[in-house]
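Going letter by letter, the sequence shown gives residues 80 to 173 in our numbering. All C-beta atoms, glycine included, are put in the ideal place defined by N, C-alpha and C. Just so you know, these numbers come straight off a predicted model, no measurement behind them.
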Amino acid sequence: MVRVAAAAAVLVLAAAAAAAAAMAAEPPTDDGAVRVAAGLTKCVSGCGSKVTSCLLGCYGGGGGAAAAATAMPFCVIGCTSDVLSCATGCSTSL
């Protein structure tokens with residue numbers, strides 16, 4: 080269960096990073112140069128840091144084994160939801 084949750088979280092981060100990479104490069108200008116939107120990259124990087132902290136909080140949550148096993152899926156789902164909202168906010172705020 081924990082490995083599935085961790086794999087799902089990694090997949091979400093990979094999807095967010097791929098979306099950011101796809102949107103980070105602006106189309107070429109008149110001089111043919113492609114300029115990278117540094118603000119978007121910085122925003123998505125911040126989302127990655129937040130989700131990492133969130134997931135570490137899920138795994139280090141304390142409590143008994145039964146309580147941790149019950150709470151873990153909900154914690155990971157919350158982190159996943161948060162990172163998707165964060166990444167979406169990055170693309171709309173620039």
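Measuring alpha carbon to alpha carbon, tell me which of the options ends up nearest residue i.
i, options, result
"residue 159", "134, 139, 170, 169", "134"
"residue 157", "169, 170, 130", "130"
How many whole angstroms separate the CB atoms of residue i and residue j, which I take to be in contact at a CB cut-off of 8 Å?
i, j, result
"residue 154", "residue 137", "4 Å"
Who are the near neighbours of residue i in its chain, counting only those whose CB is closer than 6 Å to its CB and skipping five residues on each side?
i, result
"residue 126", "162, 165, 166"
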